[in-house]
Amino acid sequence: MGICFSNNFRKINDFTVLPSNNFHDIQKILINFIHSFHSIKRSCVIGYNVSIQKNFRQPAEILLKKRRYIKSCLKALRDYIKKLDYAIEFHISGNEKANIIHEIQIMITNFDFGIVVNDVRDIINPNTDPLYLKKVDEIIEKKDTSINMEEIHHEINVRILQTKDQLDERLCFRRKYNRSCNDFYSKAL
């Protein structure tokens, strides 16, 4: 009788993204992706707010697009974590397990990790090379085809007007003093 090694041998190709067939290990990898994507998304929000306050339209536009792309990536990651939870709970194995792992590998290879880097300071900096901004913008537009430029420009214009109005209100604000409180402090001294 011969011994079959087909179940015990796993060939790892150069393009293999996930180092394990264990659902728990894959789930940990996806959760790490979620944590890193979320921190980059938060820095994009902060950079977007700074760009709006300083009236930098192009960096604000790029950061808004980048934030939306990362948000869609996070949604895809969360959906696959739900699939993994379901597969773990119902002990899915065999072809279904291989299909889920293959789908996750395809999803991860479709992510553009050139976009998902924390380069917010470089984007906001007014001394940044315009070619870098253009390159980042082109990469985002290639990856995220659902970008509505009119909506993005409208949102940026509204936010800039809101910040100008808030700034004008702060400059024109006159403090009002309550005489009874002022008299109390003068009597206490």
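Be aware that the sequence shown starts at 1085, since it is given in my numbering, and climbs by one per residue. Where is the CB? At the ideal position from N, CA and C, for every residue including glycine. Since we're looking at a predicted model, the values are computed, not measured.
Point to revise | Reference Lys1235; option with closest CA among Cys1157, Gln1111, Ala1160 and Leu1148 | key: Counting from one through the sequence shown, the residue named residue 1235 turns up at place 151. The question names Lys, but residue 1235 is Glu in the sequence shown. The candidate whose alpha carbon is nearest that of Glu1235 is Leu1148.
Point to revise | As assigned by DSSP and simplified to three states, the class of Phe1140 | key: The residue you call residue 1140 lines up with position 56 of the sequence shown. Reduced to three states, the DSSP call for Phe1140 is coil.
Point to revise | Endpoints, the alpha helix (DSSP H) within which Ile1052 is located | key: Any property of residue 1052 remains undetermined from this structure, which presents the chain solely from 1085 to 1273.
Review point. If you pair each beta-carbon of the region 1154–1163 with each one of the region 1102–1121, do three or more pairs fall below 8 Å?
Key: yes
Review point. Excluding the five sequence neighbours on either side, which residues of its own chain have a C-beta within less than 7 Å of the C-beta of Thr1212, listed in chain order?
Key: Along the sequence shown, read from residue 1 onward, the residue named residue 1212 stands at position 128. Correct list, in chain order: Asp1206.
Review point. With distances taken from CA atoms, which of Lys1227, Thr1229 and Asp1203 is nearest Leu1217?
Key: Against the sequence shown, residue 1217 aligns to sequence position 133. Closest option to Leu1217, Cα to Cα, is Asp1203.
**Study point:** Contact set for Ile1185: own chain, Cβ-Cβ below 6 Å, skip 5 residues either direction
**Key:** By one-based count along the sequence shown, residue 1185 stands at place 101. No residues qualify anywhere along the chain.
Check your understanding: When burial is assigned at 16 or more other CB atoms within 10 Å of the CB, is Ser1135 buried or exposed?
Key -> Against the sequence shown, residue 1135 aligns to sequence position 51. The residue is buried, with at least 16 neighbouring Cβ atoms inside 10 Å.
Review point. Which same chain residues, not among the five before or five after Leu1168, have their C-beta less than 6 Å away from its C-beta?
Key: Residue 1168 sits at position 84 when you count from the first residue of the sequence shown. Around Leu1168: Phe1107 and Gln1111.
Review point. Anyone know if the C-beta pair for Ile1208 and Glu1145 falls short of 8 Å?
Key: Position 124 of the sequence shown, counted from the start, is the residue given in the question as residue 1208. Position 61 of the sequence shown, counted from the start, is the residue given in the question as residue 1145. No, Cβ-Cβ distance for Ile1208 and Glu1145 is not below 8 Å.
Exercise for review: To the nearest angstrom, report how far apart Ile1192 and Asp1249 are at their CA atoms.
Suggested key: The count along the sequence shown starts at 1 and reaches residue 1192 at position 108. The count along the sequence shown starts at 1 and reaches residue 1249 at position 165. Straight-line Cα distance between these residues: approximately 43 Å.
Exercise for review: Please work out which residues of its chain come closer than 7 Å, Cβ to Cβ, to Ile1223, disregarding the five sequence neighbours upstream and downstream, and give them in chain order.
Suggested key: For this step, residue 1223 is matched to residue 139 along the sequence shown. Excluding sequence neighbours, Ile1223 sits near Asp1196, Gly1198 and Ile1199.
**Study point:** Boundaries (first-last residue) of the alpha helix (DSSP H) holding Val1204
**Key:** Here the question's residue 1204 lines up with position 120 in the sequence shown. Element bounds for Val1204: Val1204 to Ile1208.
Check your understanding: Hey, Asn1139 and Ile1244: beta-carbon distance below 8 Å or not?
Key -> By one-based count along the sequence shown, residue 1139 stands at place 55. By one-based count along the sequence shown, residue 1244 stands at place 160. Yes, the Cβ-Cβ distance between Asn1139 and Ile1244 is below 8 Å.
Review point. Would you report the Cα separation of Val1070 and Arg1141, rounded to the nearest angstrom?
Key: In this structure the chain extends from 1085 to 1273, so residue 1070 is not present and cannot be described.
Exercise for review: In angstroms with no decimal places, state the Cα-to-Cα distance between Glu1225 and Arg1152.
Suggested key: Within the sequence shown, numbered from 1, the residue matching residue 1225 stands at position 141. Within the sequence shown, numbered from 1, the residue matching residue 1152 stands at position 68. Each residue's Cα considered, the two are about 11 Å apart.
Practice item. To the nearest angstrom, report how far apart Asp1221 and Lys1155 are at their CA atoms. Key: Reading the sequence shown from its first residue, position 137 is the one you call residue 1221. Reading the sequence shown from its first residue, position 71 is the one you call residue 1155. Asp1221 and Lys1155: Cα-Cα distance of roughly 16 Å.
Check your understanding: Out of curiosity, what's the CA-to-CA distance linking Ala1034 and Asn1105?
Key -> In the structure displayed, the chain extends from 1085 to 1273; residue 1034 sits before or after that span and is not available.
**Study point:** Same chain, Cβ closer than 6 Å to Ser1177, five either side skipped, listed in chain order
**Key:** Walking along the sequence shown from the start, residue 1177 turns up at place 93. Around Ser1177: no qualifying Cβ.
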